[in-house]
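Take any residue in the sequence shown, count from 1 to its spot, add 5: that is its number in my numbering.
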Amino acid sequence: MLAIQINNPNLENQFLEYAKQHKKSIEELVSEAIDFFVKNKNNKIKYPKKNPMENLHKIKYKIDDNLDDIILFEHIENSAEYIHKLRRDR
């Protein structure tokens, strides 16, 4: 025999309503749920995968500033030394 204590009143009410709908006792319902869990614990959760090309959307954002004059990484004079310092400081 196994005793289960449910501390979540919402979950307990859901169990009670489900048991009433299917005309089963709580013990039968919990037993079936545990049996289902034990049988399917090695199975992975299956979910549909979406095609990224069909579900992509562009983010439109208005930029007020002119960023043409900004040159990225212009402060770096020696890239090898810069990367070495970054890795060392980690």
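For every residue, glycine included, the Cβ atom is placed at its ideal position computed from N, Cα and C.
Source: prediction; values computed, not measured.
task = List the whole-angstrom C-beta distance separating ILE31 from PHE20, where the pair is believed to meet the contact cut-off of C-beta under 8 Å.
result = 6 Å
ask   = Over what stretch of residues does the alpha helix (DSSP H) that includes PRO57 continue unbroken?
value = 57-60
Extent of the continuous alpha helix (DSSP H) run through ARG92 = 84-94
ask   = Could you check where the alpha helix (DSSP H) with ILE39 kicks off and where it finishes?
value = 31-45
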